[in-house]
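This report refers to the structure that appears directly beneath it.
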Amino acid sequence: MHRTGMSLVVWLAILFSVAAPVAASDLGFSANVGLEIAFAPVPPASYTLASDLCLSFALPGFSLASCTAFDLAGFVGEEVTIAVDAGPVKVGEEMRFAPGFTWNELSLDLCIVGVQIGLDWILGNLGSVQTPEFTMGMVVSLSSEVASGFALASLTGFGAVDLVQKLGGAAAPFAWDWLSLFRHLEAIAEPDAVFDVTLVPGFTFSEALVRLTVDFCGMVASQTTWFDVGGLAAMQFELGYRFDDPPLRFATGASLDASFSITGLTFVVDLEIGGVQATSWTVFAEPTFPFPLSIVFERQGFAVAFDVCGVTVTSETDFDGAFMFAAEKVAIEATLAPVTFRSLTVFDASGFTAEILRAEVGFSGVVLFTRAEFSWSGIDLAAFGFELLF
11 MHRTGMSLVV WLAILFSVAA PVAASDLGFS ANVGLEIAFA PVPPASYTLA
61 SDLCLSFALP GFSLASCTAF DLAGFVGEEV TIAVDAGPVK VGEEMRFAPG
111 FTWNELSLDL CIVGVQIGLD WILGNLGSVQ TPEFTMGMVV SLSSEVASGF
161 ALASLTGFGA VDLVQKLGGA AAPFAWDWLS LFRHLEAIAE PDAVFDVTLV
211 PGFTFSEALV RLTVDFCGMV ASQTTWFDVG GLAAMQFELG YRFDDPPLRF
261 ATGASLDASF SITGLTFVVD LEIGGVQATS WTVFAEPTFP FPLSIVFERQ
311 GFAVAFDVCG VTVTSETDFD GAFMFAAEKV AIEATLAPVT FRSLTVFDAS
361 GFTAEILRAE VGFSGVVLFT RAEFSWSGID LAAFGFELLF
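In my numbering, the protein residues as written are 11 to 400.
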C-alpha cells in the first residue's frame, strides 16, 4: 500500500512536470523580467547609481506588474499595478511609493448595454515624507456612443481636478490624434509620461467635464466643457475634416473662458503623400502682457517623417511668438533584425541642447539594451539592462 502510494505520487509529479508547460501555454501565460542600471554624474565631482527592477506576468483576464527603484542610498520607489478583466467588468489598482506612500488608485469599469461606467477611488499624499498630508479623491465617468459617429462622455471629480488627464490629456481629441509626430518625439524624450488627475484637499465636488464628439462622413467635431464649484469654467471647440485619398486631415480649435472670451486658437494640418507625413501646428493664445488684441500668435511647429532604406527620420521645427526659431528635434530610428537603434537630437536657439541614444538587440526571448543622454556639459545619463520574455 505504501509502495502504491509512492508510485502514484511519482506518476503525478511526472505528469505535472510534463503538463505544466503545456497548461501555461494553453492558458496564455506570459511574463517579463527587466533590470536597468543607470549611471548619472552629480556635479561637481560625484555620481549616483540607480537600478530599476521590473517584474510582470499576465494570464487571460489578469495581469500584475511591479517596478522597484534603488540607488546608492537604498530604496527609492515602488509601483505596483494589478488589472482584472472579466469581460463587461474591469478592475484595476495602482500603488506608488517614493519612498513613502504617494498614490493608491482603485478603478472599476463596467459596460452595460453600450454604456461605459467608471469609478476611480484615489488616496494620495499631498505632503512630504516628513509631514504627510493624505487626501482622498474620486472620479465618476460615464460614456456612450449615442449614435453612429456620435459619442458622449462625462467625468465628475470629487477632490480631484485636471480630469482631462483621464482622456489622455487631450483637450481637442481629433487634433491630438493628428499630432502623432509631435507626440512620438515627446515619447522618445520622456517615455514614462503619466496622466494623473490632481488631488486637492477636501472630498467635495471639484470639477466636471462633459465632451461630445462627432465623426461622420469625414467630418469631425468635438466640444468639451469644464465646470467647477463656481459654475462654467471653460470650453473647447474643435471642427475638422479628413480626406482618404490622399490622406489629408485638418482641424481648427477654439478655447473660451467662463465669460465666453476666446483664450486660444489652434490650427492643425496633417498630410501623407508619397511615403512622407507632414504636420503643421499653429497656436494662438492670450498675451502675457497688455496688448490690444485678446489673443496673439504664440508658436508654430512643423513635423515631417519619412523612410529612407528602412531608416525612419522624424523632424520637428518650432518657432516662438516672435516668429523666431525656437527648437529643432531630429529622431532617427532603424531596425536591422535583431538590432534596433533610436536617436534623438535636440537644438534650441543657442545651439545643441541634448542627445538621446538607445540601442537594443533581441534574441530567444532576451532583449539587451543600452541608452545614453548627453548635453552640452557632457554625459547626463548612461544605462544598460536586459529583459527576459516568457
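For each residue, glycine too, the CB sits at the ideal point set by N, CA and C.
- CB-CB length for S271 against A244, believed under 8 Å: That pair is no contact at about 11 Å.
Assuming E217 and W236 are in contact, meaning their beta carbons sit under 8 Å apart, how far apart are those beta carbons, in whole angstroms? Taking 8 Å as the upper bound for CB-CB distance, E217 and W236 are in contact here, some 7 Å apart.
Rank F67, S190 and A199 by C-alpha distance to the C-alpha of G178 and give the top, closest one. S190
* **Under the three-state DSSP convention, the category F376 falls into** => A small fix is needed here, since residue 376 is Val in this sequence, not Phe. Correct three-state label for V376: strand.
Next on the checklist: Strictly by DSSP, which residues pair up with C319?
Outcome noted: Checking the DSSP bridge columns, you'll see C319 has no partner listed.
>> Suppose only complete runs of 4+ residues qualify. What are the alpha helix (DSSP H) ranges in the stretch 179–229, listed by chain order?
In response: 183–188 and 190–199
Would you kindly check if the distance between the Cβ of F213 and the Cβ of M146 is under 7 Å? yes
**Asked** What is the C-beta distance between E343 and T327, in whole angstroms, given that I count them as a contact (C-beta under 8 Å)?
**Response** That belief does not hold up - the Cβ atoms of E343 and T327 are roughly 18 Å apart, past 8 Å.
Leaving out the 5 sequence neighbours to the left and right, which residues in its chain are closer than 7 Å to L82 when beta-carbon positions are compared?
T58 and L59
- [ ] Grab me the residues of S290's own chain with a C-beta within less than 6 Å of its C-beta, minus the 5 sequence neighbours each way, in chain order.
- [x] Within the same chain, and ignoring the five residues on either side of S290 in sequence, the residues whose Cβ sits closer than 6 Å to its Cβ are V279 and F312.
Reducing DSSP to helix, strand and coil, say where Q140 ends up.
coil
Which class does L173 belong to by DSSP, given the choice of helix, strand or coil? helix
message = Rounding to the nearest angstrom, what Cα-Cα distance links V239 and L65 in this structure?
response = Pairing V239 with L65, the inter-Cα distance amounts to about 42 Å.
- prompt: How about V125: is its C-beta nearer than 7 Å to some C-beta of chain D?
  reply: The structure shown has no chain D; it contains just one protein chain.
Beta-ladder partner(s) of V101, from DSSP:
V94 and L118
ask   = Between G159 and E88, what straight-line distance do the alpha-carbon atoms span, to the nearest angstrom?
value = 41 Å
Three-way DSSP call (helix, strand, coil) for G240 in this model
coil
**Prompt:** To the nearest angstrom, how far is it from the Cα of A50 to the Cα of D202?
**Reply:** 18 Å
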